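Under mature numbering (1 follows the signal peptide of the UniProt record, and there is no 0), residues -26 to -1, 1 to 641 are what the sequence shown spells out, in order. Idealized CB from N, CA, C, for every residue including glycine. Owing to the predicted nature of the structure, the values given are computational and were not obtained by experimental measurement. See structure below.
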Amino acid sequence: VWLWSMVRRWLLSVVVVMVGGLLVEGDFEKQSEQPLEGGGHWESFLERERTEKREREERERERGKRDFGGPVQEGGEKEKGARSWEDIDKEMMERKEKREGGGREFGERDIEKEIPRGARNEEREKNQWDHMTEEMKEREKKRWLEEEKRLDVEIYQRREREKKDWQKKESQVDDEMRRERAIIDKKLEIRREREKRDWERKEDELDKQLAERRERERREWKEQRGIDLDESIQHLQKSQQQMKDYWNRMALRKRKTQARLLEIEERKQAFKDRARHAPSHEGPNVRTKLPTLLLNSSDHSNSYHLNKPRHTCGLEYLNYSTFFESPPSQIIKFECVKGMICGGIGDILRAVVTTFVMSVLTNHKYELELNKPPMHKYYSYPDYVVTERLRAPKSVIIFDRNTVRMTPESLNTLYDTDKSYSVRSNVNFLPWLMQTPFKPNLVKLFNSENEEYISGCVLNFLLQPSQNLLSSAATVLKGVKNNGVLIGVQIRTGDFKFRRLTEEEIINFFKCFSDHLGDKKDEYYTYLSVDWHEVYEIAKSNYTSKRIITYPEESSPGHTDQGCGGNCDAVNERTVVEHFILSRTDSLIPTRSGYSLSAAQIGFQIGPVLINEFCQCVKGRKLEDFLEEREDGVMVPKWTKNKCIRDPDSQTTHPDYIPTKEEREIK
């Protein structure tokens, strides 16, 4: 009975369902065929509703996943209290089933399990929607909207909560970073302070060690030299007193010089008055001329000094192939002609040496034109000096040693191999050449770095004395024996004003010179070259020798760089002849002048002692200390700076300056 009742109930249910389905389907077809109030059909409306529902569900699902938060946060750590995606899906399905209503009674068959889930949901929704009235649909839509609002509110609240949590965590992280930064800064400050203290301690230790070392060296130095601090103070006081005495002497000398200048001016005026009233066959106001020696033809063949061999350092074999592969095509021409301010003969010869060396080192031909004084009248030039016409020189270089200061960098790029130059100069560049890339070739050419030696080689090579010059020199030196010793003394006072040497210094020199030579002053010949005629009187008064040789006319010769007053031939001749004689002496005592120093270079007298250095050099010395053997075996004196350097106890290590005892010991 029970089984039959169950079967009957089941059959009845099946029939009811089938009949109901047919009725509903027919009713739905009828309703779908009828148009809606707003237009369209029920079928399209339902399809649209289902589509919107699915989209809402999908949005809710995505929003739930995004806003509710998943089980794992960013960074890989699970948030406390977060739900898994399975829990969220389950909750969403429960909400959906609650919205849809339903549920099955006991004993109903779960036919929906036999079809796919998506189809079941769509079918159920379709059936439910078909059976709903307009009021139910409105309620359902309203419920959905309320549910969406509720979910939006929940999502917003959760988002705000997460935002506050994130801000709180961010502030915590910032606080932690600030604390860590403060800790690091504190550690760095502590480390800097520690390093600073270590550095100060090390510096104090080094200062202490240095002070101890200085004190130890000072004690050792005092023990070795026996010099006490009190002695140094006394020596300093003595030096100060000497300096005061020196300035007092200078003031007295200045007053004497001024008085002397007044006296000289008076003498000059008196001389002019006498010359103005003196009888003359050539008419009034004609200046007395110096004699011309070139007309004399004295024999010079037997003179030892005039027949010395010229040492050219092998420059006669000079060729471009020494440093370059191709011959030179451009020219460097040194010129000093009438109208140019070239300076004296010493300045000119210094510039000649420099331009010649630069022409060799830069692969140029060399041309020489000297008319102030006219050197071609007294010297002949070697074949190396060309006589080509200089066409359109690329550059004209004019230098003045009083205003121009060259540097090794500018000298290194001074001459271009592809250009010709016309050079007017009075500057000696050899000291700067020794600091340029030209130095190796310069040393290779002369086998020496000594500037005086190099100048002597070049001048001996370029200036070959003519017969006229030799005859004139023989006329001046006609009283000198062939084997006699000839000493040259050149005194330049400085153009009527005693700017270089004072009268007192000249008198002191002749006294020292006379005492130093002793009996030899009547055996040695002394050639005296001056630039002011009163020096002759000073020499005769303070140097009583029978063998003083001077130029035949004992008058003021003048200076080639200051003009010649209408008597240029005589002035130029005397200048060149005396310069040549000074270069042929056995020993030369010059003044600090390019005139006599260039003569010493031609005679290869390296480092001669100057007039104002002579007394200090020979003080306490004998003549035998300075003797050297000449080529013919005769002993001749040579006063050089190297010979003036004596033992440490001496007061002379450099003639221009007397150092203190401490400076000598340190040196």
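Among 411, 296, 311, 403, which has the Cα closest to the Cα of residue 396?
311
With respect to the beta strand (DSSP E) encompassing residue 344, which residues constitute its N-terminal and C-terminal limits?
339 to 344
What residue range is occupied by the uninterrupted beta strand (DSSP E) comprising residue 396?
395 to 398
Assigned secondary structure, residue -5 (DSSP; H/G/I helix, E/B strand, else coil)
helix
Of the listed residues 605, 340, 128, 482, nearest to residue 359 (C-alpha basis):
340
Going by the beta-carbon positions, is the gap between residue 459 and residue 392 smaller than 8 Å?
no
Contact belief for residue 592 with residue 432 at Cβ below 8 Å, rounded distance in angstroms
With a Cβ gap of about 32 Å, residue 592 and residue 432 do not count as contacting.
Between residue 141 and chain D, is the shortest Cβ-Cβ distance under 8 Å, so that the two count as touching?
The structure shown contains no chain D; it holds only a single protein chain.
For residue 611, name the three-state secondary structure that DSSP assigns.
strand
Name the residue from 323, 584, 441 whose alpha carbon lies nearest to the alpha carbon of residue 280.
441
From 562, 455, 456, pick the residue whose C-alpha is nearest to that of residue 503; which is it?
562
In its own chain, which residues sit with a C-beta less than 7 Å from the C-beta of residue 565, not counting the 5 before and 5 after it?
464, 465, 466, 474, 475, 584, 585
Considering only the alpha carbon of each residue, which of 308, 615, 351, 20 lies closest to residue 655?
Outside the displayed span of the chain (-26 to 641) sits residue 655, for which this structure offers no information.
For residue 509, which beta-bridge partners are listed by DSSP?
DSSP output for residue 509 lists no bridge partner at all.
Can you tell which of 521, 462, 494, 485 has the C-alpha that lies nearest to the C-alpha of residue 512?
485
Could you say if the segment 591 to 605 and the segment 485 to 496 meet the contact criterion of at least three C-beta pairs nearer than 8 Å?
yes
Cβ of residue 308 within 8 Å of Cβ of residue 342?
yes
Mind reading off the beta-carbon distance from residue 480 to residue 509? Whole number of angstroms is fine, and I expect it under 8 Å.
6 Å
Does DSSP classify residue 423 as helix, strand or coil?
coil
Can you grab the Cα-Cα spacing for the pair residue 398 / residue 329, in whole Å?
10 Å
Alpha carbon to alpha carbon, how far is residue 314 from residue 361?
21 Å
So, using beta-carbon positions, are residue 580 and residue 501 closer together than 8 Å?
no
Roughly how many angstroms lie between the CA atoms of residue 413 and residue 423, to the nearest whole one?
9 Å
N- and C-terminal bounds of the alpha helix (DSSP H) containing residue 503:
Run containing residue 503: none in the alpha helix (DSSP H); it sits in the beta strand (DSSP E), 499 to 504.
Residue 497 versus residue 619: straight-line alpha-carbon distance, rounded:
27 Å
Residue 262 to residue 403 span [Cα, whole Å]
Interpretation of residue 262 is limited by its pLDDT of 35, a score under 50 that renders its predicted location unreliable; the figure taken from the coordinates is listed afterwards. When rounded, the distance between both Cα atoms is 40 Å.
What does the alpha-carbon distance come out to for the pair residue 461 and residue 333?
35 Å
First and last residue of the beta strand (DSSP E) that includes residue 308?
305 to 310
Starting from the C-beta of residue 354, find all residues in its chain whose C-beta is less than 7 Å away, skip the five residues before and the five after it, and write them out in chain order.
438, 440
Give me the DSSP bridge partner(s) of residue 462.
501, 562
When you compare each of 607, 615, 605, 606 to residue 599 by their alpha carbons, which one comes out closest?
615
Burial state of residue 389 (16 or more Cβ within 10 Å):
buried
If you count every other CB in all the chains shown that lies within 10 Å of the CB of residue 569, and 16 or more means buried, which is it?
buried
Would you report the Cα separation of residue 609 and residue 283, rounded to the nearest angstrom?
19 Å
Starting from residue 556, trace the alpha helix (DSSP H) in both directions and tell me its first and last residue.
542 to 557
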